[in-house]
Structure formats: C-alpha cells, structure tokens
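Quick note on the numbering used here: the sequence shown kicks off at 28 and runs consecutively. Data first, discussion second: the structure below is written as structure tokens.
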Amino acid sequence: MSAPISILLCALGGEGGSVLAGWLVAACRAAGLPAQATSIPGVAQRTGATTYYLEIYPEPLAEGARKPVLGLNPLPGKLDLLVASELIECARQVANGLPSSDRTMILSNSARVLTTAEKMVMGDGRRDVERLRELIIANSRDRRIVDMTALTAQAGTVMSAVMLGCIAGSGVLPLTPQHYQSALEGDSASAQASRRGFELGLDAASEATKTEWSSVSRSVSRLAEQPVNASVSQLAHEQAARFPDDVRVIAALGVQRMLDYQGAGYATLYIERLQAVLAAERQTQSASHPVTLEVARWLALWMAFDDVIRVAALKSSPERFERVRREVGAAPEDVVRVYDHFKPGLPEFAGMLPERLSRRLLAIDRQRIARGQAPWALALRIGTHSATGLAALRLLAALRFIRPWGSRYQQEQKAISSWLEAVIQGTRENGGLGLELARCGRLIKGYGSTNERGKRNLAHLLEHVTNRDGGSAEARCAAIARVREAALKDEAGRELDEALRAQGAPPRPVEARPVLWMKNPRTGRG
28 MSAPISILLC ALGGEGGSVL AGWLVAACRA AGLPAQATSI PGVAQRTGAT TYYLEIYPEP
88 LAEGARKPVL GLNPLPGKLD LLVASELIEC ARQVANGLPS SDRTMILSNS ARVLTTAEKM
148 VMGDGRRDVE RLRELIIANS RDRRIVDMTA LTAQAGTVMS AVMLGCIAGS GVLPLTPQHY
208 QSALEGDSAS AQASRRGFEL GLDAASEATK TEWSSVSRSV SRLAEQPVNA SVSQLAHEQA
268 ARFPDDVRVI AALGVQRMLD YQGAGYATLY IERLQAVLAA ERQTQSASHP VTLEVARWLA
328 LWMAFDDVIR VAALKSSPER FERVRREVGA APEDVVRVYD HFKPGLPEFA GMLPERLSRR
388 LLAIDRQRIA RGQAPWALAL RIGTHSATGL AALRLLAALR FIRPWGSRYQ QEQKAISSWL
448 EAVIQGTREN GGLGLELARC GRLIKGYGST NERGKRNLAH LLEHVTNRDG GSAEARCAAI
508 ARVREAALKD EAGRELDEAL RAQGAPPRPV EARPVLWMKN PRTGRG
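Laid out in structure tokens, this is it:
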C-alpha cells in the first residue's frame, strides 16, 4: 500500500488555519482521496502558533477496499509538507525535528511578525533572518519562501487562501487546481477574495525557486537606492544633502522626524548636533562615517521623546485613521469607531510645566507613594472617532509650542548634550571609542520608568566607565561594549552591576523605596 502524505500547517491566531485544513480535506474528497485532519491545541496569540496535522492517502479507494488508518500526530522526520504563515514558526517546527532534509517540502512566509519574547528584550531581540534561512534550507528537501503577507494584502483576503494557493503550486499533493478551487466555491465577496488569494499564491509558489528568498529587513543601502522616500519631504532631503552618502538616508529620516515633532528649528538643532559629530569623525581620516551614522539614528529617536503632546499627535493623525481602516478592512462607506485608553500620571503632566512647578507636583506624588498609596493617574477613555474626542487630542497636540519651556524637555536636552560631548571627545581620541559611545544611544528607549532607568544607566556609564583614568583606547572600547550589553539584558540591572564591578567601576546607587506595611487579612493588624 502507498504511504499517506503527511502535512503540518502552522498559522497564527486569526489567519484561518482551521479553515485551511477544512479546505484541504474538501479538496481531497473532491478528488476521491481519503483525508483526515487533526487540530493541535496551541496559543492563538503571538506567543506561538496553532497547528493542524493532516494525512492524505494518495490513491482513490476501490469500492469495498479496506480504508487506510491515518495518523493523528506528526512524527519527527516523517513530514512530507510543512506550511507556515510566519518565518519563525517554520523554524520552530524545524527545531522540533519534524521536517527532514531528504523528505520534506517547506512552504513558508518570508515576512516576520515579532514574537512576544522578541519584543520583551530590552535590546534588539529580533531573530537573525539569515540564520533562520540557513536552518530551513538545511532541514528541507525543497522549499518555497514567499511573501504571503504582501499577497494577502493584495488580494484583500486572509492568509489561509494564499497558503492554499502555495500548496497547490508546490505540486506535492496529487490534486489539480480544480480540486482546490472546488473548496472555494461561492459568490460572496469573501469567497471571491479567497479565490484571488489562491491564484496569487499558486503563481508565486509555481514561479519560486529553491534559492529564492525575500529578506525581511531593509538595509541602508537599499534605502539609498530610492532617490526620494515617500515618507520624507523634499525639505528633509535638501537638509540631509549636507552629509556624506552613507549618512544621508538616515539623516533625512531624522530631519523629517524633527520637523514632524517640533518644527524647523528643532530640525536645525538636530543637523547642528550631527555636524559636530561628523566634524570630529573627519579628523580621524576615516573613509566611512560609522559614528555619525550611529548617532544620526539614536539621536533622532532620543530627541523625539514620547510625551503627552506627541502621543496626542500620533493618535489623532490622519495616517493613523487610514491605517486603522485598512487593518480592519473597512469599506469607504463603513463607519469605524475608535476608542483610545490613556492613563497619564503626575510625571507626564509635570514634564510639561517649568522646573519649579514640576518639582512641586512630583513631590506630591512622592508623598502619596510614601503613605502607601498608588501613584496618581488619570484614566481616560476617549472616542477618537468623535468630534469632541478628536478635538481634544488635536488641541493637546497643538501645545507643542510650549514643549521647550517644560522641565522634561530641558532635562532631555541636557542628557543628550552630555552623551554627544562624550561621543565627540571619544571620537577625537579614537574612532572605535567614539563608535562604542555612539552605540550607547540604544540604552534610551521606551517611556516612563523604562526611559528613566535607561538615562540613569547611560549617565553612570559615562561617568564611571568612559571617564576612568588609565587603560588603552581598545580596553576602554571593550569595557564600554560589555557594560552596554549587560545593561540591555535585564530590567533589574543585576548583570549591569556585575559588569561594572568587573571593570572596576562602582555599581549603580541603590534607589530609595518606601517600606510599605500591609495589614494581615486575618487579624486586621499591621
């Protein structure tokens, strides 16, 4: 007897994995082939994938013949076809040992959807796409890597329809396109969209070669091939033309970010700061400008720090409403209601006030915490689709003219200047030292306590690691790199303190925290 064809489908929540399994079973029945599908419970959100296992007997059964016994679970090394709607989910099944290099055909989406674990990392937690590629190649007999996400958007359908077309285009199953299409019958709009997605997936998988690979990341060199980026104004490009070719693209994006954030004056400040770094780097006689490039990136992010004014501007921008309508698939005549939830605390409001008023307001919050109360916060639910909700956000966004007088703005500019001075001084001394200091801009990220912790870590590094006496420039470069990477590993900072001690620097000072006494729920006593 012929051996059954084993198939494993991996899809994220909401991508129609169960629908795809049903379509495959229906297509097999249309061809007269016995098939069986099993749903394997998984996590529907981005912490994992839902998987579906199918076995298909490749020959029609004669009348009265014994029915084959089909398996319920995949066996390691026994898969004939592995289909994944996300690249790392494909690699996850490879790591489980399910596909094999002498038997398995792999169909995978080339696009990435970051996992929860990748987003939680304080540094860059993204998995290396090239390593995932090598893993898939080494553990498959053949493969088709297709940008299913782009095809899904093009067809206006769900991922499962494109995946079905890719399966048909692979030629692994003894089915004709007509058998697959029989499972997609119907005159509804969703059925028509599914057929469009199926055709796109069929063509893409049929034309793909073994070596075809669609990279997820966009490098600076690829961006440089575009003379004018759609998201960058002509003014930003004209300002960025003052910089060398290897810096120009990132500088243009940074200038545009400053224009959107605070206006032309702020963009000029960004350019002046970047030119000071470039002047220091040119003294090293280097053909390239890695320090300036690194600073251009992190400086743009830091200068456009998140505050309530920026959040209001982003939440009420026309581009955001267009993106929301596109993501929910709303037609032009559809009404979409958007509700935004905010919970700003006293630090957010204090950051908009001058330094003296800000200190008084923060002192009130510290007194609340010392008494055992939670920090004050204002919980808001705003209907951004309504005239009043949108007007409130636009009014708050229009207050950006008062931002330079706020205490948060003044504090951020002082911290930025300290970092840039260290980068410039280090670059004049040694190009490698300046580059390591420029990379320390990675420490500044997030908002609230995360952002404050990053700035404190950076200030401690600059004071006790960069400015310490003795040691060669190479040794100081290595020390800065080790301390920086340690700071990005855990929020508590245990590894950072250990790295500081290893470099002969003092650990971070212990933050004062109030001791809170809780009542015993049984006795009612403290």
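Cβ coordinates follow ideal geometry from the N, Cα and C atoms, glycine included.
According to DSSP, is residue i helix, strand or coil?
i, result
"Y366", "strand"
"M175", "helix"
"L286", "helix"
"T550", "coil"
"D155", "coil"
"A500", "helix"
"P254", "Here P254 scores only 40 on pLDDT, less than 50, and its place in the model is too uncertain to base an answer on."
"A210", "coil"
"A29", "At residue 29 the sequence reads Ser, which differs from the Ala that was named. Looking at S29 - three-state DSSP - the assignment turns out to be coil, as it is neither helix nor strand."
"A404", "strand"
"D169", "strand"
"M545", "coil"
Closest by CA to residue i, which one among the options?
i, options, result
"H412", "V363, M147 and R324", "V363"
"G40", "A57, L102, L51 and A76", "A76"
"Y474", "R535, S444, P371 and L426", "P371"
"L36", "R56, G59, I67 and A58", "I67"
"G228", "D273, A182, A397 and I133", "A182"
"T143", "P204, L125 and E116", "E116"
"V365", "V351, L527 and V173", "V351"
"V355", "Q437, S215, A180 and L488", "A180"
"K94", "S29, A303 and A138", "S29"
"L99", "A111, A327, G91 and Y79", "Y79"
"K546", "A377, D392 and G399", "G399"
"R153", "L114, A177 and M186", "L114"
"L543", "A397, S112, R337 and L423", "A397"
"L108", "E90, M190, E265 and A92", "M190"
"R480", "A519, W432 and R386", "A519"
"P402", "E234, E375, R509 and E321", "E375"
"L106", "P87, S127, S112 and A331", "S127"
"S33", "Q208, P103, A89 and L88", "P103"
"E89", "L60, S112, P101 and V110", "According to the sequence provided, residue 89 is Ala. The question's Glu does not apply to it. It is L60 whose Cα lies nearest to the Cα of A89."
"A539", "R393, E439, K516 and Q530", "R393"
"L320", "R337, A418, L464 and Q208", "L464"
Excluding sequence positions up to five away, which residues of its chain have a Cβ less than 6 Å from the Cβ of residue i?
i, result
"L97", "P31, Q63 and E82"
"G461", "V318, V450, G453 and T454"
"L407", "F369"
"A357", "V363"
"L489", "A449"
"D367", "K342, I409 and T411"
"I391", "none"
"S248", "At S248, the pLDDT of 36 sits below 50, so the modelled position is not reliable and the matter cannot be decided from this model."
"L286", "A294"
"M379", "G433"
"R275", "A267"
Locate the alpha helix (DSSP H) running through residue i, then write down its first and last residues.
i, result
"Y297", "A291 to R309"
"N478", "S476 to L488"
"V140", "Element bounds for V140: n/a, residue is neither H nor E."
"Q38", "Inspection of the sequence shows that residue 38 is occupied by Ala rather than by Gln. Run containing A38: none in the alpha helix (DSSP H); it sits in the beta strand (DSSP E), I32 to A38."
"A268", "That residue, A268, is in no alpha helix (DSSP H); it is neither H nor E in DSSP."
"A220", "A216 to E234"
"S187", "M186 to S197"
"Q394", "E382 to A397"
"E525", "R521 to A529"
I'd like the list of long-range same chain contacts for residue i, defined as Cβ closer than 8 Å, with 5 residues on each side in sequence excluded.
i, result
"A232", "L134, R171, V173, G192, C193, I194, A195, G196 and S197"
"R421", "A339 and S343"
"I556", "Since the first and last residues shown for the chain are 28 and 553, residue 556 lies out of range."
In the DSSP assignment, find the beta strand (DSSP E) that holds residue i and state where it starts and stops.
i, result
"Y80", "T77 to I83"
Tell me which residues share the same chain as residue i and place their Cβ nearer than 7 Å to its Cβ, disregarding the 5 neighbours each side in the sequence.
i, result
"L485", "W446, C467, L470 and I471"
"L162", "A118 and V121"
"T184", "A220, S221, R223 and G224"
"L45", "Reading off the sequence, residue 45 comes out as Ser, not Leu. Here the set comprises S66 and Y79."
"E382", "S434 and Q437"
Answer yes or no: does any C-beta atom of chain D fall closer than 8 Å to that of residue i?
i, result
"P541", "As a matter of chain content, chain D is missing from the structure shown, which is built from one protein chain."
Complete runs of the alpha helix (DSSP H) confined to the region 406 to 466 [at least 4 residues]
The qualifying runs are 414 to 424, 434 to 456 and 458 to 466.
Would you list, in sequence order, the uninterrupted beta strand (DSSP E) runs of no fewer than 3 residues that lie entirely inside the region 43 to 68?
Here the runs fully enclosed are 62 to 67.
Along the chain, which unbroken stretches of the beta strand (DSSP E) at least 3 residues long are found entirely within the region 314 to 378?
List check, beta strand (DSSP E) in window: 366 to 369.
Threshold first: 4 residues or longer. Then list the alpha helix (DSSP H) segments lying entirely within the region 83 to 133, N to C.
Runs of the alpha helix (DSSP H) inside the region 83 to 133: 114 to 122.
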